[in-house]
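Read in order, the letters of the sequence shown are residues 5 to 295 in our numbering.
Beneath this line is the structure, given in structure tokens, with notes to follow.
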Amino acid sequence: MNMEQLTYFSAVVEEGTISGAARRLHMSQPPLSMQIRKLEQEYGVLLFERGARQIRLTEAGKLLYDYAQRILDLKDSAEEDLKSLHAGKGGSLKLGIISSGTCEELFAGIRAFRRDHAQVRFKLFDSNTFLLLDALERQRIELALIRTPFLSRGLDILRIRSDSFAAAGTEQYFRHLPADQPVTLKDLNHLPLIVYRRWEKQIRQTMEAEQLCPDYSCINDDARTSIQWAAAGLGVALVPTSVLPLAPQLSWRLLAEESLTSDLCLVRRSGQHPSDNAQAFFRTFAALYGH
Numbered sequence: 005m006n007m008e009q010l011t012y013f014s015a016v017v018e019e020g021t022i023s024g025a026a027r028r029l030h031m032s033q034p035p036l037s038m039q040i041r042k043l044e045q046e047y048g049v050l051l052f053e054r055g056a057r058q059i060r061l062t063e064a065g066k067l068l069y070d071y072a073q074r075i076l077d078l079k080d081s082a083e084e085d086l087k088s089l090h091a092g093k094g095g096s097l098k099l100g101i102i103s104s105g106t107c108e109e110l111f112a113g114i115r116a117f118r119r120d121h122a123q124v125r126f127k128l129f130d131s132n133t134f135l136l137l138d139a140l141e142r143q144r145i146e147l148a149l150i151r152t153p154f155l156s157r158g159l160d161i162l163r164i165r166s167d168s169f170a171a172a173g174t175e176q177y178f179r180h181l182p183a184d185q186p187v188t189l190k191d192l193n194h195l196p197l198i199v200y201r202r203w204e205k206q207i208r209q210t211m212e213a214e215q216l217c218p219d220y221s222c223i224n225d226d227a228r229t230s231i232q233w234a235a236a237g238l239g240v241a242l243v244p245t246s247v248l249p250l251a252p253q254l255s256w257r258l259l260a261e262e263s264l265t266s267d268l269c270l271v272r273r274s275g276q277h278p279s280d281n282a283q284a285f286f287r288t289f290a291a292l293y294g295h
């Protein structure tokens with residue numbers, strides 16, 4: 005198995021047909037088909053189920069594609085960083101960030117890091133906490149900015165900030181509420197609620213403990229989606245306070261329930277050998293926010 009074969013194989017997977025992959029690779033179909041067959045023969049497995057119009061991955065194909073993506077990503081990163089170092093630049097840093105992670109604490113840390121590492125290029129990966137932890141485990145990223153709750157085993161964790169929750173929406177939903185004090189979930193009972201999926205259970209349990217019945221208008225996987233739906237007048241979004249600057253036009257109230265909080269954390273895998281840039285980035289944030 006070599007890089008060329010992995011490149012050919014990935015192209016076939018992504019295009020869905022041999023002909024489409026051949027066009028993308030600027031080559032004819034017979035040599036491409038031959039390379040795929042050589043891969044299958046070398047390991048004694050079928051990588052594709054051939055159909056009349058399209059091919060589908062077998063379990064072996066899915067496994068190889070996962071490895072191929074990781075290997076090709078590492079190859080590309082290595083080439084880019086070597087070229088960057090040759091040009092007198094500082095290489096790169098692969099950082100995963102959740103949608104609600106954009107806050108002043110993050111930017112303050114980046115500015116501090118930049119003072120001594122101005123040439124480092126950031127490669128950002130936007131996703132949710134669960135997928136970023138998976139990317140960290142697979143070494144597709146070096147560091148991740150994620151939110152509690154998450155399993156802490158095998159992680160070095162640095163808490164950046166702790167957020168209370170707020171209810172945000174258009175003014176129509178808040179006319180009956182005081183403007184200068186927190187609201188309770190009871191105050192929001194029977195309003196259409198927009199919540200991030202990972203907090204749905206916690207919010208529901210908190211409401212049910214008070215004998216309230218949540219009325220969910222939308223359950224989603226991205227804090228930005230919650231804010232966008234709220235801005236469209238479709239309900240009241242329950243979000244960490246760090247998300248509120250994304251929609252300054254919205255009205256909002258802090259939630260009084262102290263049990264509804266979320267910590268924003270910078271994490272890395274324990275026991276691994278991070279790059280110099282990743283180590284320096286983590287140290288910078290530890291100096292600013294370590295306790």
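Ideal Cβ positions, reconstructed from N, Cα and C, are used throughout, including at glycine.
Using CA coordinates, which residue listed in the options is at the minimum distance from residue i?
i: L149; options: S168, P182 and G113; result: G113
i: I22; options: N6, E8, Q39 and L78; result: Q39
i: F286; options: L36, L67 and H121; result: H121
i: L136; options: A282, V271 and Y293; result: V271
i: E204; options: E175, R157 and P153; result: P153
i: P252; options: E8, A234 and L264; result: A234
i: A82; options: T174, S279 and T210; result: S279
i: K79; options: L110, A284, Q283 and Q143; result: Q143
i: A64; options: G55, Q185, R28 and V17; result: V17
i: R74; options: L50, A139, P218 and L29; result: A139
i: S210; options: S246, G294 and E262; result: In the sequence as displayed, the identity of residue 210 is Thr instead of Ser. Comparing Cα-Cα distances from T210 to each of S246, G294 and E262, the minimum goes to E262.
i: P35; options: L50, Y47 and Q9; result: Q9
i: Q185; options: S37, E84, W256 and L29; result: W256
Just the C-alpha distance for residue i and residue j, rounded to the nearest angstrom, thanks.
i: I231; j: L192; result: 17 Å
i: E214; j: A260; result: 13 Å
i: I164; j: Q45; result: 51 Å
i: Q276; j: T133; result: 20 Å
i: G92; j: R118; result: Residue placement at G92 cannot be trusted, given a pLDDT of 44 that sits under 50; what the coordinates show is reported in the next sentence. Distance between the alpha carbons of G92 and R118: 16 Å.
i: C222; j: L43; result: 46 Å
i: N281; j: L268; result: 21 Å
i: H180; j: S168; result: 22 Å
i: L67; j: V124; result: 33 Å
i: D226; j: S103; result: 6 Å
i: H194; j: Y177; result: 11 Å
i: R151; j: I101; result: 10 Å
i: R228; j: P249; result: 11 Å
i: Y220; j: P196; result: 6 Å
i: M7; j: L147; result: 26 Å
i: G55; j: P218; result: 47 Å
i: V187; j: S246; result: 18 Å
i: L1; j: S37; result: The shown model of the chain, from 5 to 295, leaves out residue 1, and the question about it has no answer.
Tell whether a beta-carbon distance below 8 Å holds between residue i and residue j.
i: F52; j: R41; result: no
i: S32; j: A26; result: yes
i: G95; j: Q58; result: no
i: A290; j: V243; result: no
i: I161; j: L99; result: no
i: L216; j: L189; result: yes
i: T11; j: L86; result: no
i: N224; j: R202; result: no
i: G105; j: T174; result: no
For residue i, which of helix, strand or coil comes out of DSSP?
i: G92; result: Note that G92 has pLDDT 44, beneath the 50 cutoff, so the model's placement of it is unreliable and the number below is only indicative. Of the three classes helix, strand and coil, the one that applies to G92 here is coil, per DSSP.
i: E53; result: strand
i: I75; result: helix
i: T1; result: Outside the shown range of the chain, which is 5 to 295, sits residue 1, and nothing can be said about it.
i: P182; result: coil
i: R272; result: strand
i: G113; result: helix
i: S81; result: helix
i: G100; result: strand
i: Q9; result: helix
i: F169; result: strand
i: A291; result: helix
i: D225; result: coil
i: V124; result: coil
i: A282; result: helix
i: R201; result: helix
Mind reading off the beta-carbon distance from residue i to residue j? Whole number of angstroms is fine, and I expect it under 8 Å.
i: G239; j: I207; result: Not quite, the Cβ-Cβ distance comes to about 13 Å (not below 8 Å), so this is no contact.
i: K127; j: L97; result: 7 Å
i: E141; j: R273; result: 7 Å
i: A72; j: T288; result: The pair is not a contact, with the Cβ atoms about 34 Å apart (cut-off 8 Å).
i: A170; j: L258; result: 5 Å
i: S166; j: T265; result: 6 Å
i: Y69; j: S14; result: 7 Å
Using a Cβ-based criterion (distance less than 7 Å to any ligand heavy atom), does residue i qualify as near the ligand ATP?
i: Q143; result: The ligand ATP is absent from the structure shown, which contains no ligands of any kind.
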